[in-house]
Amino acid sequence: MDETGISTVPNRTPKEITLKVKETVCKISNAERGQTVTEVCCLSATGVFVPPALILPLKRMIPLLYKDASNGTLSLISDTGYMNSHLFIDWLKHFVKHVKSSTEDPVPLIADNHTSHCSLPAVLFCREIHITFLTLPPHASHVLQPLDICFFALLKALYSSETDKWLVQNPGKSITLYKVSVIFQKAYSAASRVQLAEKAFRVTGIEPNNPDVISEDCYSPSLVTLAPLDKDCTVAVAPEENEVSPSTSHIIVSIQSILPIPRHEQRGAKWKRKFRKSEILTSSPFKNLLEKNEKEKVE
Numbered sequence: 001m002d003e004t005g006i007s008t009v010p011n012r013t014p015k016e017i018t019l020k021v022k023e024t025v026c027k028i029s030n031a032e033r034g035q036t037v038t039e040v041c042c043l044s045a046t047g048v049f050v051p052p053a054l055i056l057p058l059k060r061m062i063p064l065l066y067k068d069a070s071n072g073t074l075s076l077i078s079d080t081g082y083m084n085s086h087l088f089i090d091w092l093k094h095f096v097k098h099v100k101s102s103t104e105d106p107v108p109l110i111a112d113n114h115t116s117h118c119s120l121p122a123v124l125f126c127r128e129i130h131i132t133f134l135t136l137p138p139h140a141s142h143v144l145q146p147l148d149i150c151f152f153a154l155l156k157a158l159y160s161s162e163t164d165k166w167l168v169q170n171p172g173k174s175i176t177l178y179k180v181s182v183i184f185q186k187a188y189s190a191a192s193r194v195q196l197a198e199k200a201f202r203v204t205g206i207e208p209n210n211p212d213v214i215s216e217d218c219y220s221p222s223l224v225t226l227a228p229l230d231k232d233c234t235v236a237v238a239p240e241e242n243e244v245s246p247s248t249s250h251i252i253v254s255i256q257s258i259l260p261i262p263r264h265e266q267r268g269a270k271w272k273r274k275f276r277k278s279e280i281l282t283s284s285p286f287k288n289l290l291e292k293n294e295k296e297k298v299e
């Protein structure tokens, strides 16, 4: 599973075909700035799609906004329109209702290690409903996340196309949150194909398992930071001011001594990001770690 954002004003619009002699092509646009809606999608290696969830930026629920959504769509709201730990538990209930996990048939769930996914209530709920929750390594979703590789790009392209069609068919009107569900329903129905889901898991090497899918070139950016320092390097030292030198041609002055590199003064304590890695969130060690952190917060 993964989340992505769509807007009432798509960033990319379909290409227009016009005469070659025209230098300027006019096109209808919805507005300069739109509202962001988060969509939560989930698919399996066998081509099964869990009905999506739409998170609208609202203070209170308005059922009319979801009137034309896809069958089984989970309607959620939040102040910002983004996923949080409370909404994620609601989505897990929606997920288990369609996958029917049990003790004899547990279901694996793969997602990124966002903070909204790693809360203690979510981990306890997954253990209770027999879901094995595995997170992807940080900064690897563009390589290992099936939805990012094969689904979201097509979905957003279809959504932009449907948005353009709606504006042409309804001149003088603008797309609001009331129209997002019906436009998204058409795009999602066209994008949710069995062959696409199977390809998404195949190209990431998840199912069937194929570690060789990830080439060595993907690790090349880390070679710069992991390179060891050269211990045999020589440093040129400028002579002291009182030292007499026969000629100025032998004095080596570094650029840093002439113009030092400016440094930004640190304000307050330095905030260090916690190191994250791929985890089985439903495992006992990770659960115990979350419980320990919760106790420390209370104390």
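Read in order, the letters of the sequence shown correspond to residues 1 to 299 in UniProt numbering. We put the beta carbon where it would ideally sit given N, CA and C, even for glycine.
Check: Does the Cβ-Cβ distance between S85 and I129 come in under 8 Å?; Outcome: no
Check: Kindly list the residues whose CB is nearer than 8 Å to the CB of E16, restricted to its own chain and excluding five residues on each side of it in sequence; keep chain order.; Outcome: V25, K27
Check: Over what stretch of residues does the alpha helix (DSSP H) that includes S7 continue unbroken?; Outcome: No alpha helix (DSSP H) holds S7; the beta strand (DSSP E) holding it covers 2-7.
Check: Grab the span of the beta strand (DSSP E) containing V37 for me, first residue to last.; Outcome: 36-43
Check: Kindly provide the ranges of any beta strand (DSSP E) runs that are 3 or more residues long and lie completely inside the stretch 107-155, ordered along the chain.; Outcome: 107-111, 131-135
Check: Is it true that the stretch 31-42 meets the stretch 200-211, where meeting means three or more beta-carbon pairs spaced less than 8 Å apart?; Outcome: no
Check: Is there contact here, the stretch 106-113 with the stretch 132-141, by at least three beta-carbon pairs under 8 Å?; Outcome: yes
Check: From which residue to which residue does the beta strand (DSSP E) around L19 run?; Outcome: That residue, L19, is in no beta strand (DSSP E); it is neither H nor E in DSSP.
Check: So is K123 buried or exposed if we call it buried at 16+ other beta carbons inside 10 Å?; Outcome: The residue asked about is misnamed: residue 123 is Val in this sequence, not Lys. Buried, because 16 or more other Cβ atoms sit within 10 Å of the Cβ of V123.
Check: So the alpha helix (DSSP H) L92 belongs to, where does it begin and stop?; Outcome: 85-99
Check: Quick one: using the 10 Å Cβ neighbour count with 16 as the cut-off for buried, is Q169 buried or exposed?; Outcome: exposed
Check: From which residue to which residue does the alpha helix (DSSP H) around A200 run?; Outcome: 194-203
Check: Assuming the contact rule is C-beta atoms closer than 8 Å, L43 and F49 should be a hit. Round their C-beta distance to whole Å, please.; Outcome: 5 Å
Check: Along the beta strand (DSSP E) that carries S283, what are the first and last residues, could you check?; Outcome: Per DSSP, S283 belongs to no beta strand (DSSP E) and is neither H nor E.
Check: With a Cβ-Cβ cutoff of 8 Å, do L120 and E294 count as a contact?; Outcome: yes
Check: Can you grab the Cα-Cα spacing for the pair E162 / S284, in whole Å?; Outcome: 46 Å
Check: If we ignore side chains and look at the alpha-carbon of each, how far apart do D217 and V143 end up?; Outcome: 12 Å
Check: Quick check on this structure: which residue in D2, I89, D148, N11 has the alpha carbon closest to the alpha carbon of V203?; Outcome: D148
Check: Among S174, S160, A191, Y188, which one has its Cα closest to the Cα of T13?; Outcome: S160
Check: Evaluate contact between the stretch 75-95 and the stretch 195-202, counting only Cβ atoms and requiring at least three cross-stretch pairs below 8 Å.; Outcome: no
Check: By Cβ distance, which residues of its chain are closer than 8 Å to I183, with the 5 residues on each side in sequence left out?; Outcome: Y159, E162, T163, W166, I175
Check: Using the C-alpha atoms, what's the distance from L259 back to Y188?; Outcome: 58 Å
Check: Report all residues from its chain with a CB closer than 7 Å to the CB of R276; omit the five preceding and five following residues, and keep chain order.; Outcome: N113, P138
Check: Please classify Y219: is it buried, with 16 or more other beta-carbons within 10 angstroms of its beta-carbon, or exposed?; Outcome: exposed
Check: Can you tell me whether H117 is buried or exposed? The criterion is at least 16 other CB atoms within 10 Å of its CB, across all chains shown.; Outcome: buried
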